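Residue numbers (my numbering), protein chains in the order written: chain D, 1 to 113; chain H, 1 to 118.
The beta-carbon is built from N, C-alpha and C at its ideal position, and this holds for glycine as well.
Here the structure is a predicted model, which is why all the values come from computation and not from measurement.
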Amino acid sequence: DTGVSQNPRHKITKRGQNVTFRCDPISEHNRLYWYRQTLGQGPEFLTYFQNEAQLEKSRLLSDRFSAERPKGSFSTLEIQRTEQGDSAMYLCASSYGQGDGYTFGSGTRLTVV
Amino acid sequence: AQKVTQAQTEISVVEKEDVTLDCVYETRDTTYYLFWYKQPPSGELVFLIRRNSFDEQNEISGRYSWNFQKSTSSFNFTITASQVVDSAVYFCALSEGRIYNQGGKLIFGQGTELSVKP
């Protein structure tokens, strides 16, 4: 297993368009997390799944954001009607139980123009 | 409420110098976990260390060492004999014990950008 994979690496979209990102976690990891990181800031928690169940959502996750993890494997994060303020790096991480911290992917950088 | 403060936004050193990155945290929990992550220019966060609140023993791993002091709510990170490859953004993070054990979130500081010049 080569780690947590995120696609695409970069996405440029026009304001108002919908975008979807994909995260493939490490195969034996049952927990999957989404974080958002803006320039010069640390990552901020968005949501997490244990298997296919979404157990927690941050207040940062407005109703334009939705995340799914069908069958407890890969996950998608969709942003509808994108706004310029959505421009950020979207990071996915996975873990098995408590683990030694989470394994992060390289992220998807979203630019809304 | 949980909070992590990394007061140093940027640090620049010359290769072979020692450098300490500061991290101060706030939590009301008695059980919690502290982390350090490295984020090189490629963007991927690389796990460095996890420490639980009951283990105040300092840790050394090669050129890296960590000083955990509950009395001052600090978890500082020192790189000895820095190298150019250490250039990255370093993040300190916190998770309250109950939340972490249930698989919950990390609270990150704003990060310290370390630049090591040859």
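Contacts that residue i makes with chain D (C-beta to C-beta distance below 7 Å)
i, result
"residue 73 of chain H", "What residue 73 of chain H touches in chain D: nothing, since even the nearest Cβ is about 17 Å away."
"residue 91 of chain H", "42"
Residue-chain proximity (residue i, chain D), Cβ-Cβ < 8 Å
i, result
"residue 45 of chain H", "yes"
"residue 105 of chain H", "yes"
"residue 62 of chain H", "no"
Buried/exposed call for residue i, threshold 16 Cβ in 10 Å
i, result
"residue 24 of chain D", "buried"
"residue 59 of chain H", "exposed"
"residue 4 of chain H", "buried"
"residue 60 of chain D", "exposed"
"residue 140 of chain D", "With chain D covering 1 to 113 only, the question about residue 140 of chain D has no answer from this structure."
"residue 82 of chain H", "buried"
Proximal chain D residues relative to residue i, where beta-carbon distance stays under 9 Å
i, result
"residue 108 of chain H", "35, 37, 41, 42, 43, 44 and 45"
Whole-angstrom distance between residue j and residue i, CA atom to CA atom
i, j, result
"residue 79 of chain D", "residue 65 of chain D", "5 Å"
"residue 29 of chain H", "residue 79 of chain H", "29 Å"
"residue 39 of chain D", "residue 11 of chain D", "16 Å"
"residue 71 of chain H", "residue 113 of chain H", "26 Å"
"residue 103 of chain D", "residue 94 of chain D", "5 Å"
"residue 42 of chain D", "residue 18 of chain D", "25 Å"
"residue 86 of chain D", "residue 90 of chain H", "24 Å"
"residue 32 of chain D", "residue 38 of chain H", "20 Å"
"residue 1 of chain H", "residue 94 of chain H", "11 Å"
"residue 40 of chain H", "residue 9 of chain D", "16 Å"
"residue 81 of chain D", "residue 110 of chain H", "28 Å"
"residue 7 of chain D", "residue 108 of chain D", "6 Å"
"residue 110 of chain D", "residue 46 of chain H", "21 Å"
"residue 16 of chain D", "residue 84 of chain D", "9 Å"
"residue 91 of chain D", "residue 10 of chain H", "23 Å"
Own chain, CB closer than 8 Å to residue i, minus 5 neighbours either side, in chain order
i, result
"residue 7 of chain H", "22 and 24"
"residue 74 of chain D", "22, 23, 24 and 25"
"residue 84 of chain H", "15, 116, 117 and 118"
"residue 13 of chain H", "19, 82, 114, 115, 116 and 117"
Own chain, CB closer than 7 Å to residue i, minus 5 neighbours either side, in chain order
i, result
"residue 52 of chain H", "33"
"residue 28 of chain D", "96"
Min CB distance residue i to chain H below 8 Å
i, result
"residue 74 of chain D", "no"
"residue 5 of chain D", "no"
"residue 94 of chain D", "no"
"residue 104 of chain D", "yes"
"residue 107 of chain D", "yes"
Closer than 9 Å at the beta carbon, the chain H residues around residue i
i, result
"residue 129 of chain D", "Residue 129 of chain D lies beyond the range of chain D shown here (1 to 113); nothing can be said about it."
Proximal chain H residues relative to residue i, where beta-carbon distance stays under 8 Å
i, result
"residue 56 of chain D", "104 and 105"
Same chain, Cβ closer than 6 Å to residue i, five either side skipped, listed in chain order
i, result
"residue 17 of chain H", "82"
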